[in-house]
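Colleague:
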Amino acid sequence: MDLPFGITLEHGGSRANKTGSWRTERPVYVHHLPPCNQACPAGEDVRSWLYDGESGGDGYERAWRAIMEVNPFPAVMGRICYHPCETGCNRGQLDEAVGINSVERFLGDEAIRAGWRMQVDRPSSGRRVVVVGAGPSGLSAAYHLVRLGHAVTLLDSAPRPGGMMRYGIPAYRLPREVLDAEIQRILDLGVDLRTDTTVTDLDQTLREDGYDAAFLAVGAPLGHRAHLPAGSAAKIVDAVTMLHGLEEGERPLLGRRVAVYGGGNTAMDAARTAKRLGAEDALVVYRRTRERMPAHESEVREAEEEGVRFTWLSTITQVQEGMLTLERMELDETGFPQPTGETEELPADAVVLALGQDTDLAFLGRAEGVEVEDGVVVVDDSQMTGRPGVFAGGDVAPGPRSATVAIGQGRRAATSIDAWLRGAIPERVVELPLADFAALNTWYYTDAPRSHRPVLEAARRASTFDEVVQGLNRDTALYEARRCMSCGNCISCDNCFGVCPDNAVIKVDDADAPYLIDLDFCKGCGLCAAECPAGAIAMVPEEI
Amino acid sequence: MRETKLYQIGTFAVGNRLLDPEDRSAQASPDRANSITSGHRACQGCGEALGARYVLDAAMRAADGDVVVTNSTGCLEVFSTPYPESSWQIPWVHSLFGNGPAVAAGMAAGLRASGRTSTRVVGQAGDGGTVDIGFGCLSGMFERNDDVLFVCYDNQGYMNTGVQRSAATPPAARTANTGVIGDEPGNAFGQGKFVPLIAMAHEIPYVATATVADLHDLEDKVTRAMGMHGARYLHVLVPCPLGWAAAPAETIRLARLAVESGLFPVFEAEHGEVTAVTSIRGKVPVDDYLRLQGRYAHLFGDPGRPDLVARLQALADRNVVRFGLLDSDDGTQNASLGS
């Protein structure tokens with residue numbers, strides 16, 4: 001070698017020294033399950049669509065399409081979902097949970113405004129599926145089935161589709177133009193909707209119309225009856241009937257003082273509706289305490305803000321014209337309310353019962369193999385009933401009752417029906433390990449309190465059915481999406497690439513796996529894993 | 001309309017896909033200089049290897065790749081150049097332990113004499129080569145205002161030779177020659193020296209401190225220093241897993257806790273005046289920092305030495321007041337030094 005002046009020794013680069021041999025542990029990029037995803041009853045990949053949404057611009061549509069792969073109701077869910085994702089959100093342990101629900105609503109509203117559409121992905125299968133009930137579960141199943149290439153007939157006994165989303169949830173929580181837009185987008189994919197069509201005999205429908213499979217999503221449309229000793233002039237209505245009638249243009253006469261019996265979300269809807277119909281006093285009577293009330297906290301808070309009053313630990317023992325008799329209750333050591341014998345009288349012009357809802361399964365007739373237990377249809381993990389090809393989901397099936405759960409079950413049923421029609425085994429979802437807060441390095445997330453959705457002035461909303469909770473604008477939605485910590489999944493922040501003292505992280509042009517570990521040189525120090533903001537790198541022992 | 005900030009990872013992470021490429025750190029670029037490349041023999045999780053690449057890559061970016069660098073004897077020199085290998089991908093000269101600043105000053109003079117004014121000189125050394133052995137040369141370089149950015153990678157001891165005490169070793173720390181014996185185990189209180197303040201006393205154009213825990217702050221300071229001429233001094237805290245008896249994966253966390261506890265003040269000074277202070281984001285007790293390090297283990301045994309921990313806490317609290325490290329309620333800083 002021709003050496004320069006003054007240089008007497010040849011030299012080589014240090015890359016000849018493969019320091020990877022020092023390593024006892026290697027970094028591995030992981031995908032863990034973010035708690036928001038885990039908590040979502042509809043099965044949304046929340047973290048992924050927030051990641052898309054963080055880019056703004058084109059990212060909004062990508063984010064919306066990611067939601068639509070799973071849930072066809074972003075604008076509806078962004079209003080009425082009780083967002084268990086936010087309860088699960090790890091950011092809640094740092095400052096406040098990410099406002100996932102409000103970002104979803106923003107994306108849903110953007111889609112309606114911009115007219116984004118979905119399309120059918122698969123060629124026609126030639127198979128026909130009947131979906132009974134056009135509520136959240138039935139619409140969700142119909143949407144997914146039609147996108148999987150099947151011909152779907154959607155039957156509903158009501159004049160308009162939507163089920164409890166239309167006939168149970170008041171318009172101040174879910175404006176009808178939003179609901180209509182999202183339902184229409186599903187129907188536009190080619191779903192054959194037949195309203196005012198009541199199935200009275202399932203066997204007959206299946207046999208005569210020659211369907212290959214059926215999904216039963218008839219919900220639980222009956223208000224639960226409770227026997228209350230009542231005078232002949234006492235006015236007692238059930239909440240489900242009242243809310244349904246309201247949607248059909250009725251204005252129930254409830255009087256000045258209305259008592260609502262029950263402590264669930266429907267009780268809140270009924271009390272808030274009574275206020276809007278002109279009641280001076282709306283009183284919720286519930287037999288346990290506030291802490292034990294099943295209604296969602298935000299519903300209770302909004303009801304209180306609108307002037308709804310509450311009486312805890314009370315049952316109604318008698319209803320007379322203009323008068324109620326309440327009995328005080330006490331919780332025993334198991335938390336169950338026990339009567340005390342103390343009573344009081346209370347003026348009330350009407351009592352609205354909101355004590356839960358029951359299914360109406362008469363149409364099953366003697367449908368062979370379909371079992372009913374405790375008033376709901378028994379299904380397996382794939383949502384299939386005991387009868388091959390007949391599936392059920394939503395409120396008619398076991399499980400928590402909410403629109404989000406119903407949508408999730410509708411999707412699961414659609415996937416199962418598709419597999420069943422193809423003679424395949426339904427794909428099992430691989431359970432990823434949970435991305436817990438301890439794995440994050442939260443130093444890298446700047447302090448950022450949540451942007452609350454503006455709430456309509458209480459005075460204004462008490463008299464109208466205008467929407468109460470307003471949406472985010474583009475600015476606040478972007479801010480909110482960017483508060484996501486992307487738990488357990490890479491956000492391409494370059495930290496691993498930067499902090500490696502050995503240049504052993506290689507940056508590559510691949511959105512799904514933007515970094516590779518150079519195992520020739522990685523000494524296994526673990527700095528990349530320790531400094532990964534999202535906890536997306538795990539140190540795995542080498543086999544030595 | 002309010003500016004939409006990059007809240008997801010703020011400006012603390014190395015990169016951010018949402019930022020324009022020109023606003024990203026030098027380290028985020030696949031085309032970074034990688035001034036010191038793979039295959040060097042630094043320990044796992046070495047803060048100094050990391051700090052050297054952070055500093056030199058930023059200097060290379062600031063000077064369009066026209067940089068020459070000197071390196072006093074020490075860990076950095078030893079682990080990067082065992083014959084016949086070299087990890088350096090930039091022109092690099094090894095000086096003696098004690099004469100690094102003088103060699104750098106000579107190189108700057110030679111470049112000026114030969115008219116190559118675009119080539120910039122960076123001198124670098126560990127804390128031993130800076131605060132102890134090279135200190136006379138360094139003071140001379142400052143006093144002559146030679147056109148050199150001198151960088152001290154402070155890992156608080158002579159780690160290469162077996163973890164002996166330097167004048168930058170903090171009180172109570174155990175080293176090979178400050179054992180856990182006597183009434184005040186570990187290094188003595190009230191000795192040592194903090195060279196950034198001594199550099200400021202020379203009234204040179206630029207003095208700054210930084211750590212490997214805040215890359216953006218570090219790169220900003222290197223870029224700023226490279227934009228100036230004359231004697232400039234950058235003091236970078238680089239935790240040493242070996243000498244501090246800490247887990248290799250904790251290197252950056254330790255640097256962060258040194259700042260957040262107040263033990264290591266991060267600031268900038270020009271011509272002898274403090275001009276900017278990096279505020280503590282969330283103050284932590286010194287315990288959080290000390291407990292991760294075996295060199296302080298004797299403070300936390302049973303019964304431990306809460307009195308010595310309290311003295312270290314007092315040093316941290318003094319820094320907070322002295323440099324104004326906490327934002328006051330009205331958002332202004334309140335430094336008593338240099339004002």
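From first to last, the protein sequence lines stand for chains F and R.
Okay, so the first sequence: first residue is 1 according to our numbering, each after it adds one.
Okay, so the second sequence: first residue is 1 according to our numbering, each after it adds one.
Every residue, glycine too, gets a C-beta built ideally from N, C-alpha and C.
1) Do you know whose CA, among F:Arg292, F:Glu305, F:Glu299 and F:Leu313, lies nearest Val285 (chain F)'s CA?
2) At 3 residues or longer, what runs of the beta strand (DSSP E) sit wholly inside the region 129-199 of chain F?
3) Kindly say whether Glu85 (chain R), judged by its beta-carbon, lies nearer than 8 Å to any beta-carbon of chain F.
4) Could you tell me the boundaries of the beta strand (DSSP E) in which Ser314 (chain F) lies?
5) Quick check on Ser232 (chain F): buried or exposed, where buried means 16 or more other Cβ atoms within 10 Å of its Cβ?
6) Mapping DSSP to helix, strand and coil, what is Ala37 (chain F)?
7) Starting from Asn34 (chain R), find everything on chain F with Cβ-Cβ shorter than 9 Å and list it in chain order.
8) Check whether the region 490-506 of chain F touches the region 518-535 of chain F, counting contact only when three or more Cβ pairs, one atom from each stretch, lie closer than 8 Å.
9) In chain order, what residues of the same chain have a beta carbon less than 6 Å from the beta carbon of Gly393 (chain F), not counting five sequence neighbours either side?
10) Applying the criterion that 16 or more other CB atoms from any shown protein chain within 10 Å of the CB defines a buried residue, is Gln184 (chain F) buried or exposed?
11) With a threshold of 8 Å between beta carbons, is Asp374 (chain F) in contact with chain R?
12) So if I threshold CB-CB distances at 7 Å, which residues from the region 44-63 of chain R count as touching chain F?
13) Reducing DSSP to helix, strand and coil, say where Asp494 (chain F) ends up.
14) On a CA-only basis, which of R:Leu111, R:Ile90, R:Asn71 and R:Asp154 is nearest Ala33 (chain R)? Give me that one, please.
15) Apply the 10 Å Cβ neighbour rule to Leu324 (chain F) and answer buried if 16 or more other Cβ atoms are within range, or exposed otherwise.
16) Output needed for Asp520 (chain F): all residues of its chain with C-beta closer than 7 Å, excluding positions within five of it in sequence on either side, in chain order.
17) So for Asn160 (chain R), helix, strand or coil by DSSP?
18) Is the Cβ-Cβ distance between Ala13 (chain R) and Met226 (chain R) less than 8 Å?
19) Would you mind sorting Phe150 (chain R) into buried or exposed? The rule is 16 or more other CB atoms within 10 Å of its CB.
20) With a threshold of 8 Å between beta-carbons, can Ala42 (chain F) be considered close to chain R, or not?
21) Taking 8 Å as the CB-CB limit, is Thr350 (chain R) close to chain F?
22) Among F:Thr446, F:Gly12 and F:Glu54, which one has its Cα closest to the Cα of Leu478 (chain F)?
23) Measuring only between beta-carbons, confirm whether Glu444 (chain F) sits less than 8 Å from chain R.
24) Taking 8 Å as the cut-off, does the region 289-297 of chain R touch the region 172-182 of chain R (at least 3 CB pairs, one atom from each stretch)?
25) Which residues mark the beginning and the end of the beta strand (DSSP E) in which Tyr233 (chain R) is found?
26) Can you tell me which residues form a DSSP beta bridge with His271 (chain R)?
27) List the DSSP bridge partners of Ala199 (chain R).
28) Kindly list, in the order they appear in chain R, the residues whose Cβ is closer than 8 Å to that of Val308 (chain F).
29) Out of curiosity, what's the CA-to-CA distance linking Gly375 (chain F) and Cys484 (chain F)?
30) Reducing DSSP to helix, strand and coil, say where Cys152 (chain R) ends up.
31) What residues are listed by DSSP as bridge partners for Gly126 (chain R)?
32) Can you pull the chain F neighbours of Ala42 (chain R), defined as C-beta to C-beta under 7 Å?
33) Where DSSP assigns a beta bridge to Gly223 (chain F), which residues make up the other side?
34) Along the chain, where does the beta strand (DSSP E) that runs through Val284 (chain F) open and close?
35) Nearest to His235 (chain R) by alpha carbon, out of R:Thr81, R:Val309, R:Met200 and R:Gln27?
36) Where does Phe5 (chain F) land, buried or exposed, given buried means 16+ other C-beta within 10 angstroms?
Modeller: Result, derived from the coordinates:
1) It is F:Leu313 whose Cα lies nearest to the Cα of Val285 (chain F).
2) The qualifying runs are 151-155 and 192-194.
3) At least one chain F Cβ lies under 8 Å of Glu85 (chain R).
4) Ser314 to Gln320 is the span of the beta strand (DSSP E), which, as asked, contains Ser314 (chain F).
5) Ser232 (chain F) comes out exposed.
6) According to the sequence provided, residue 37 (chain F) is Asn. The question's Ala does not apply to it. Look at Asn37 (chain F) here: in three-state DSSP terms it is helix.
7) What Asn34 (chain R) touches in chain F, judged by beta-carbon distance under 9 Å, is Asn503, going in chain order.
8) They touch, by the three-pair rule.
9) For Gly393 (chain F), where only same-chain residues beyond five positions count, the Cβ hits under 6 Å are Ser137, Ala217, Gln383, Gln409, Gly410 and Ala413.
10) Exposed is the label assigned to Gln184 (chain F), since fewer than 16 other Cβ atoms lie within 10 Å of its Cβ.
11) Chain R, which has no Cβ nearer than 8 Å to the Cβ of Asp374 (chain F), makes this no.
12) From the region 44-63 of chain R, only Gln44, Gly45, Cys46, Ala49 and Leu50 have a Cβ closer than 7 Å to chain F.
13) In the structure shown, Asp494 (chain F) sits in coil (DSSP, three-state: anything other than H, G, I, E or B).
14) Ala33 (chain R) has its Cα closest to that of R:Ile90, out of R:Leu111, R:Ile90, R:Asn71 and R:Asp154.
15) Leu324 (chain F) comes out buried.
16) Cβ within range, chain order: Lys18 and Gly20.
17) It is coil, neither helix nor strand.
18) No, these two residues do not count as a Cβ contact at 8 Å.
19) Around the beta-carbon of Phe150 (chain R), 16 or more other beta-carbon atoms lie within 10 Å, marking it buried.
20) It does not; no Cβ of chain R falls within 8 Å.
21) Lying outside 1 to 339, the shown extent of chain R, residue 350 (chain R) is not represented and no answer is given.
22) Answer by Cα proximity: F:Glu54.
23) Note that residue 444 (chain F) is Tyr in the sequence shown here, rather than Glu. Taking Cβ atoms only, chain R reaches closer than 8 Å to Tyr444 (chain F), which makes this a yes.
24) Using a C-beta cut-off of 8 Å, the region 172-182 of chain R makes contact with the region 289-297 of chain R, since at least three inter-stretch Cβ pairs fall below that distance.
25) Where Tyr233 (chain R) is concerned, the enclosing beta strand (DSSP E) starts and stops at Arg232 to Leu237.
26) As far as DSSP is concerned, His271 (chain R) takes part in no beta bridge.
27) Answer is none; Ala199 (chain R) lacks a bridge partner.
28) Those do not exist, as Val308 (chain F) stays about 35 Å from chain R at its closest Cβ, beyond 8 Å.
29) Taking the straight line joining both Cα atoms gives about 41 Å.
30) Three-state result, Cys152 (chain R): strand.
31) Beta-bridge pairing links Gly126 (chain R) to R:Tyr153.
32) Neighbours of Ala42 (chain R) on chain F, chain order: Pro501.
33) Answer is F:Gln357, bridged to Gly223 (chain F).
34) Element bounds for Val284 (chain F): Asp281 to Val285.
35) Of R:Thr81, R:Val309, R:Met200 and R:Gln27, the smallest CA-CA separation from His235 (chain R) is found for R:Met200.
36) Exposed, because fewer than 16 other Cβ atoms sit within 10 Å of the Cβ of Phe5 (chain F).
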